[in-house]
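Position one of the sequence shown corresponds to residue 1 (UniProt numbering), numbered consecutively onward. Backbone N, C-alpha and C fix where the C-beta goes; we use that ideal spot for every residue, glycine too.
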Amino acid sequence: MKQIKGPKTPRLWQTIQWSTNPIRYMEDAAANFPDLFKAQIDPVSNYQVLLVHPQAIQEFFTKPEFVNGAKSIVRPVAGDESLFVQVGDRHKSQRKLLMPPFHGARMRSYGQLVCEITDNAITKIPLKQTASARAVMEEISLQVILKAVFGLYEGERCQQLQQLLLYWARLFHSPIFNSLLFFSFLQQDWGSWSPWGKFIRKRQQIHQLLLSEIRDRRAHPDPDRTDILSMLLSARHEDGELMSDLEIRDQLLTLLLGGYETTATAMAWSVYWSQFYPEMKAKLLQEIDRLGDRPNPADIVRLPYLTAFCQETLRINPVLPITLPRTVESPVKLMGYELEPGIMIRGCIYTLHQREEIYPNPRQFKPERFLERQFSPYEFIPFGGGKRRCIGAALAMFEMKLVLATILSRYQIELVDEKPIKPALFGVTLVPAGGVKIVVKGRRVPQQYRQAIANSL
Ligand code: HEM
């Protein structure tokens, strides 16, 4: 029987390495243990097993012995009914209800909205002044979720909710709050001035406002609404029951937590790469310009080079370096290694995306690799996989492509600094260190006008 090994350094040291230089930590470990390894990167749990080999990832995504392991930590933020904390049949049934709004015509109806939100966010940036692309992408990502998911456009409740939801979406930015989630004995309400007390009071406000919104919308159904909340109001479980108000409330908060930071980070990386390689930007623009002035969002998202460019961004900079955790429910073998019940296990997305035999010259940013071959769901996993694969994956890709295409084709932007940007761990995401500083130089003259001007001279 094969023994699971891992770095020999003490847990505290591994935790420090993980939080200060996660890339180095993962690369060193994967070089020494190319199948899987024991990682001690979490201050409270004993150890977890990180999977590196595609075969290990495949078994992890397909074997039934691995069940959700994220339950206790996210419960206070996402809620008891959240998809994040469900297991077994309940999880399956909730996913069935949540998936449809993220596909097909429903999702395509958000195309124009995404382009408008992008235009608003970019035109707000003062010309020729330094701005953080990550901050701008956070604004775009939040607006897309508020409008497309929550259906919040105007009114007093909308204003209040916008502010509270922004606080909520940014909870994980705070190291103090993250420690409170890890060390549950610190979760004490010592009044509104204490961190946990403040959190609980905000949670009450958010819950109340969301429930009022849900009840109002149930009382006054509007068939013209296309947001995800409206769809959930009429969704029924397999037994014919409507989703309860509490279920809908928790799922809305789950979508906000799952979709805000992740999509913003991915888009910030795509802006960075598109500016870092001018020849690739030219190629992207050539493809977009061929669609003519103000192209249809549905045509934009089908563009092959743009799609490959966004996929390569997610390969080289996976937003989450590791998947959500699962725990081993009953004894199981994985690539010949025996795993005991209770062990926490995750796929290591970052090191999988860096395997030379799958991605030759993996450190090079090269969108063409996605045009030259198809990668299996165990080789390219920015959205995880199996029963817990990201439900927002299609929306995220859709948004990433439209936002990048809108920015490139309508504005002239430049990086402030030409030095390569490294990823840094921020909460659970790998963000561009420094936020990608950009300047907006002005509007871009579309291809056909440039041609017309040239002809008239
Ligand atoms: C580029 C953007 C995004 C990335 C990179 C990303 C990545 C991921 C990953 C890696 C997982 C864990 C999958 C696993 O452990 O196998 C996940 C789960 C999840 N994501 Fe995303 N995500 C993104 C955008 C979104 C969006 C836009 C939403 C919703 C609006 C969303 C909602 C969720 C939810 C609800 C889950 C939990 C699924 C479950 O437990 O069944 N994500 N995501």
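For residue 315, the shortest C-beta to heavy atom distance toward the ligand HEM is 7 Å or greater. CA-to-CA, the gap between residue 208 and residue 218 works out to about 15 Å.
Going by DSSP, residue 133 is part of the alpha helix (DSSP H) stretching over 133-144. Residue 16 has its Cβ no nearer than 7 Å to any heavy atom of the ligand HEM. Residue 429 sits in a strand when the DSSP states are folded into three classes. By the CB criterion at 8 Å, residue 177 and residue 171 fall inside the cutoff.
Around the beta carbon of residue 143, 16 or more other beta carbons sit within 10 angstroms, so the residue counts as buried.
If you draw a straight line from the Cα of residue 246 to the Cα of residue 283, it comes to about 48 Å.
Of the heavy atoms belonging to the ligand HEM, none sits nearer than 7 Å to the Cβ of residue 217. Residue 386 has its Cβ nearer than 7 Å to a heavy atom of the ligand HEM.
Counting C-beta pairs closer than 8 Å gives three or more between the segment 369-377 and the segment 302-311, which meets the contact rule.
Using a cutoff of 7 Å, the CB of residue 259 counts as near the ligand HEM, since one of the ligand's heavy atoms is closer than that.
The C-beta of residue 109 has fewer than 16 other C-beta atoms within 10 Å across all chains shown, which makes the residue exposed.
Counting only runs of 4 or more residues that sit fully inside the segment 225-256, the alpha helix (DSSP H) segments are 228-233, in chain order. For residue 412, the enclosing beta strand (DSSP E) stretches over residues 411-415. The DSSP-derived three-state label of residue 443 is strand. As summarised for the segment 69-108, there are no continuous beta strand (DSSP E) elements at least 3 residues long confined to that stretch.
In this structure, residue 321 and residue 288 do not form a Cβ contact; the two beta carbons are roughly 31 Å apart against a cut-off of 8 Å.
By the neighbour-count definition (other C-beta atoms within 10 Å, threshold 16), residue 250 is a buried residue. Distance from the C-beta of residue 255 to the nearest heavy atom of the ligand HEM is below 7 Å.
Exclusion of the five residues before and after residue 167 leaves 202 as the residues of its chain whose Cβ lies within less than 7 Å of its Cβ. The beta carbons of residue 400 and residue 266 sit closer together than 8 Å.
Per the Cβ contact rule, the segment 150-160 is in contact with the segment 220-229 (3 or more Cβ pairs under 8 Å). Setting aside the 5 residues that flank it on each side, residue 242 is surrounded in the same chain by 236, each with a C-beta closer than 7 Å to its C-beta; the list follows chain order.
The Cβ neighbour count for residue 82, taken over all protein chains shown within 10 Å, is at least 16; the residue is labelled buried.
When DSSP states are grouped into helix, strand and coil, residue 348 belongs to the strand group.
Residue 145 has its Cβ nearer than 7 Å to a heavy atom of the ligand HEM.
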